[in-house]
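Each residue of the sequence shown is one higher than the one before, counting from 1 in UniProt numbering.
For each residue, glycine too, the CB sits at the ideal point set by N, CA and C.
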Amino acid sequence: MNDFIRLLIISSICFIGSINLNAQSNFIDGFYINKQGDTTYTKVRYYSGINSYRICETLSEDGNIITYLPKDVKGYGYKNDASFSSNVIDSVFLQNVIKGTISLYEKQNTYYISTKDTVYQIKNSSKLVDRNGKTYITNQDIWKGRLYYLAKNDVELKELIDQLYFRKKDLKKFVIQLNIKNQTNYTDLDIQNNLDKVNWGLRIGQQFNRLTKNSGGYYPDINDLYNSQSQTISLFATFNVPEFSKSLSFNTELLLSQIRYSGSRIDSNSSPVNEYETNFHYIQISTPIYLSYRLNQNSLFLSILAGANTQFNINDEYSTKRTTIIGQYEQESVEQPFIPYNFQPGILLGLSIGLELKEIEIGIDTRYIRFSKLNKELNLFVNQQHINAGFYIKF
């Protein structure tokens, strides 16, 4: 039990430490391109709103913040995330969607298609229409006229345009086909960034296990508590979802652990007196699925974890040996009154401290996992708790 308390204290200290981490600015790994075309890799302030089209702010090694306007640089971007160009329209940065001889850019709900010598604004528009005494708002397909102009006399491209709606994925489809028709190279930056958003990792941990079982039904004398420790190893995958928040990631994991419980108890209130000796032994396969929210964007950061955990057991060995003491004689019997939790969903909560290096991320985390299950036939309630502290490396 002291091990549980010790880990909870450590987790609390980590949480308090996050206050200091959050006070630091929201700068992440990125780059900017100067007017001469030279790329400088540095820390860039992350913006998710309209400011990302207006300015680029970098953090120098001595802690100074440098601000660039679209007229000062050719573009900037974030590692494994969005990038922006200013050489399309001088007054603003545009987000790169497809880069090639024929490129597609985005600024909120307006798109731009650039060729070698011309930039075409693709913007949806609407108008008011009166029908039967009622006023309606209807979309105008003026933007399709510019796509028809770019398609020239290509029948297949014109048929494609007829099927398009004013949305990003449809405009991407058109620009990709336009590059293919012109036999020019292109890069779909959305696909490239999504591939870079997936990370794989390995985690090794020490797990503290606590099992309680209580019953007032068929086995009214069962009221036991078991504690044990075990080592765990797991493989995990992380998918970053900056469309919602730069700090949010979705995680799935496969965790293996070999768990043993054992304990004995004397029921002196019964007549005759019963002595119980219980042993559990099984291999636990857990599949945690959880969200991780990063509280700051510095190289050293704190994250909180929350999600679900499903547990399977294999090679179950469970038995209770009951010794009945009658006078000077002992009578032994082996019982298997229930399988405690062969399949069990539960909750997962945790804290993590990580450090980003050049190509990897390392860190430690502490998780609290809880499972509960009721055997209705025996009216037996089984509750299991784990505190798992581990070290991970993410590639």
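1) So what does DSSP say about Lys172, is it helix, strand or coil?
2) Would you mind reading off the limits of the alpha helix (DSSP H) that contains residue 398?
3) Put Ala306 into one of helix, strand or coil per three-state DSSP.
4) With a cut-off of 8 Å on the beta carbons, I'd call Tyr290 and Ser303 a contact; round off their distance for me.
5) Mark Lys107 as exposed unless 16 or more other C-beta atoms lie within 10 angstroms of its C-beta, in which case mark it buried.
6) May I have the straight-line CA-CA distance separating Asn298 from Asp29, to the nearest angstrom?
7) In whole angstroms, give me the CA-to-CA distance for Asp38 and Thr287.
8) Going by C-alpha distance, which of Lys181, Val97, Phe250 and Ser230 is nearest Val198?
9) Sort Arg203, Asn64, Lys373 and Leu256 by Cα distance to Ser352 and report the nearest one.
10) Which same chain residues end up closer than 6 Å to Ser42 when comparing Cβ atoms and leaving out the 5 residues on each side of it in sequence?
11) Can you grab the Cα-Cα spacing for the pair Ile180 / Ile314, in whole Å?
12) For the alpha helix (DSSP H) that Arg167 lies in, which residues bound it at each end?
13) Would you give the residue range spanned by the alpha helix (DSSP H) that Arg146 belongs to?
14) Is the segment 159–177 touching the segment 86–106 in the sense that three or more CB pairs, one from each, lie closer than 8 Å?
15) Kindly give me the distance between the Cβ atoms of Leu355 and Tyr368, rounded to whole angstroms, as I take these residues to be in contact under 8 Å.
16) Is the Cβ-Cβ distance between Asn284 and Leu256 less than 9 Å?
17) What does DSSP give as the partner residue(s) for Phe31 in the beta ladder?
18) Just the C-alpha distance for His281 and Val382, rounded to the nearest angstrom, thanks.
19) Just to confirm the assignment, what range does the alpha helix (DSSP H) spanning Val92 have?
20) Tell me Ile285's beta-bridge partners as DSSP assigns them.
21) Could you please give me the residues that DSSP links to Thr232 through a beta bridge?
22) Between Ile122 and Tyr111, what straight-line distance do the alpha-carbon atoms span, to the nearest angstrom?
23) Look at the Cβ atom of Arg45, then the Cβ atom of Phe31, and state whether they are nearer than 9 Å.
According to the structure data:
1) helix
2) Since the first and last residues shown for the chain are 1 and 395, residue 398 lies out of range.
3) strand
4) Going by Cβ atoms, the distance from Tyr290 to Ser303 rounds to 11 Å, so no, they are not a contact pair.
5) buried
6) 9 Å
7) 46 Å
8) Phe250
9) Arg203
10) For the record, residue 42 in the displayed sequence is Thr; it is not Ser. For Thr42, where only same-chain residues beyond five positions count, the Cβ hits under 6 Å are Thr58.
11) 53 Å
12) First-last for Arg167: undefined, no H or E at that position.
13) For Arg146, the enclosing alpha helix (DSSP H) covers residues Ile142 to Ala151.
14) yes
15) That belief does not hold up - the Cβ atoms of Leu355 and Tyr368 are roughly 23 Å apart, past 8 Å.
16) The residue asked about is misnamed: residue 284 is Gln in this sequence, not Asn. In contact: Gln284 and Leu256 (Cβ atoms closer than 9 Å).
17) Tyr41 and Gly77
18) 16 Å
19) It is not in any alpha helix (DSSP H) - Val92 carries neither H nor E in the DSSP assignment.
20) Ile285 pairs with Leu256 and Phe312.
21) DSSP lists Gly205 and Ser257 as partners of Thr232.
22) 5 Å
23) no
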